[in-house]
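Have a look at the structure below, then the notes.
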Amino acid sequence: MRITAADSIQSREKELLLNIIDDLDWQAIERALARKLPLGLRHAITSKRGDIVVYADRVAYAFNFDVNLNLRLIFDRTGRLLEFKTAQASEAPPPLDVGDDSRSPAAEKKAAAAEDPLLRTAPEQVPQDPKIWTDDPFATVDRDREDAEIPSAGTRSLEDALRNDPDIFEEPPHFPADDLETNRRRKMSRTVSELSSLIESINGK
Amino acid sequence: MSRIIGITNQKGGTGKTTTAVNLAASLAVFERQTLLIDCDPQGNASSGLGAGRHCLRHGLSDALMGRVEMGNVIVTTELDCLRLIPANFRLHRAAARLSAAPDGHRRLRRLIEALPQRFDYIILDSPPSLGLMAIVAILASDWLLIPTQCRMFAFEGVRHLLMQVSNLHKRYGRDIRIAGLLSTMPEERPGHRPAAERLFRGLKEDVIQMEIPRDPLLGDAADSGMPALLCDIHSPGARAYMRLAAALIRRNQLT
Chain A
2 MRITAADSIQ SREKELLLNI IDDLDWQAIE RALARKLPLG LRHAITSKRG DIVVYADRVA
62 YAFNFDVNLN LRLIFDRTGR LLEFKTAQAS EAPPPLDVGD DSRSPAAEKK AAAAEDPLLR
122 TAPEQVPQDP KIWTDDPFAT VDRDREDAEI PSAGTRSLED ALRNDPDIFE EPPHFPADDL
182 ETNRRRKMSR TVSELSSLIE SINGK
Chain B
30 MSRIIGITNQ KGGTGKTTTA VNLAASLAVF ERQTLLIDCD PQGNASSGLG AGRHCLRHGL
90 SDALMGRVEM GNVIVTTELD CLRLIPANFR LHRAAARLSA APDGHRRLRR LIEALPQRFD
150 YIILDSPPSL GLMAIVAILA SDWLLIPTQC RMFAFEGVRH LLMQVSNLHK RYGRDIRIAG
210 LLSTMPEERP GHRPAAERLF RGLKEDVIQM EIPRDPLLGD AADSGMPALL CDIHSPGARA
270 YMRLAAALIR RNQLT
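Read top to bottom, the protein sequences are chains A and B. Per my numbering, the very first residue in the first sequence carries number 2; after that it's consecutive. Per my numbering, the very first residue in the second sequence carries number 30; after that it's consecutive.
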């Protein structure tokens, strides 16, 4: 029995993913990229695709971007980075500078792994699909392949996860309480989306 | 053919009358024949153009009740290309009569269509409600311009308004479209992404999106009974409304 339209849920998921992209700490991502690759982030970043996935039995958000090279970020619901992969190598994720700059990246990674079970297990190596991932860091992905499946690294789709484990949302891990500003922005984004949709539907008649 | 634009928002204090008066004046300065119809029984748009209730014999209420021809209640203003149909408190009585009349909700539209004079733009200043007079003004419009503050309560009001517009379309078959959203009385809060940006980002390009800056001159000009551009055409508020008028004219030239 359907109790709501499928496209209603899908459009809300899409909004959620778009809002998350807006709120990413791009400075931290840029610093991580600069450390990983000897180039500055001068190029336009376009989000290719976002998805809600399950990573080590936890809900997480996977985003793929074009930065004249392929970049894959997976982070959990607290915003902690789980995976950071470029097209060049399938190495362990470098830590993102989201707080204390005085600690070295290695010390931070170690401390993060010690306190968070999600990071204790090293992610599986990404099987490199030579048709998508290239050695050339400046290669852009063929647009025809925009919808091509990016090989997963220990992830599975949310649909599959729900099918096999419907209790996946039953006991969410403890997350720090949202601050007032985050809550406000979230509500504002949701309302603004509704207004845009209403205007589109009125003007489209 | 006249382009009829309703300035509407059910919440009070969002800048409807300020927008109606200053937009109408700006269109007139661009030499577009403009008529401002004050549909608010409070009559602030009329006062804002210097037409105080004590010096008027007839107004919109008389035309709606059929006592006077619509064309005979039009008054001139300080601007050559701007005319006004004023309102006063009697509009409440006219609204009550319209609610009892069959097709009362369409009467204003019919009166506008029957005007002998030709206008490029007709601006309607709606009352701050979704009562009958506001519905009549919305149904008389082809386009709606919605001034709003960028706060949650204000957005919820806009959402309600948009849902009502959608219902009116279904019920009466009127093709009313949203011309644009105006962010009025913006707040300067360092470190916060402006809510107006979030609002506008989700809108398509054919919907006018503009921020009207806070400008004390807008209030001072209204107190003096004139549009802001007649006090100081270089003030931020006056310039914003000129830009809005230019955007409307440009868009209408493309359609």
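The beta carbon of each residue, even a glycine, is placed where N, CA and C say it ideally should be.
Partner residues on chain A for residue 207 of chain B, Cβ-Cβ distance less than 8 Å | 200, 203, 204
Name the residue from B:78, B:60, B:63 whose alpha carbon lies nearest to the alpha carbon of residue 47 of chain B.
-> B:78
Tell me, please, whether the CB atom of residue 12 of chain A is closer than 8 Å to any CB atom in chain B?
-> no
Hey, out of B:132, B:50, B:268, whose CA is closest to residue 106 of chain B's CA?
-> B:50
Count the other CB atoms within 10 Å of the CB of residue 74 of chain A; is the residue buried (16 or more) or exposed (fewer)?
-> buried
Report buried or exposed for residue 245 of chain B, applying the criterion of at least 16 other Cβ atoms within 10 angstroms of its Cβ.
-> exposed
First and last residue of the alpha helix (DSSP H) that includes residue 48 of chain B?
-> 45-58
Whose Cβ in chain A lies nearer than 9 Å to the Cβ of residue 181 of chain B?
-> 185, 188, 189, 192
Chain A partners of residue 107 of chain B, CB-CB under 8 Å?
-> Neighbours of residue 107 of chain B on chain A: none; closest Cβ ~35 Å, over 8 Å.
Could you name the residues of chain A that residue 236 of chain B contacts, counting a contact when the two beta carbons are closer than 8 Å?
-> 200, 204
Sufficient close CB pairs (3 or more, under 8 Å) joining the region 173-182 of chain B to the region 57-70 of chain B | no
Which chain B residues are close to residue 197 of chain A, counting only those with a beta carbon under 7 Å from its beta carbon?
-> 231, 232
Could you tell me whether any Cβ in chain A is nearer than 8 Å to the Cβ of residue 58 of chain B?
-> no
Which whole runs of the alpha helix (DSSP H) in the region 123-186 of chain B are 4 residues long or more, in chain order?
-> 136-142, 161-169
Separation of residue 20 of chain A from residue 230 of chain B, as counted between CA atoms | 12 Å
Return helix, strand or coil for residue 54 of chain A, following the three-state DSSP convention.
-> strand
Which residue from B:33, B:266, B:55, B:238 puts its Cα closest to that of residue 147 of chain B?
-> B:33
Across which residues does DSSP place residue 229 of chain B in a beta bridge pair?
-> None, per the DSSP bridge assignment.
Does residue 192 of chain B get closer than 8 Å to chain A when you measure Cβ to Cβ?
-> yes
Pick from A:36, A:25, A:52, A:87: whose alpha carbon is nearest that of residue 79 of chain A?
-> A:25
Segment limits, beta strand (DSSP E) that includes residue 208 of chain B | 206-213
Examine chain A for any beta-carbon lying closer than 8 Å to the beta-carbon of residue 278 of chain B, and answer yes or no.
-> no
Contacting residues, own chain, Cβ-Cβ under 6 Å from residue 137 of chain B (five flanking each side not counted) | 165, 169
Could you work out which residues of chain A lie near residue 188 of chain B, taking near to mean beta carbons separated by less than 8 Å?
-> 192, 195, 196, 199
Do residue 110 of chain B and residue 57 of chain B have their C-beta atoms closer together than 8 Å?
-> yes
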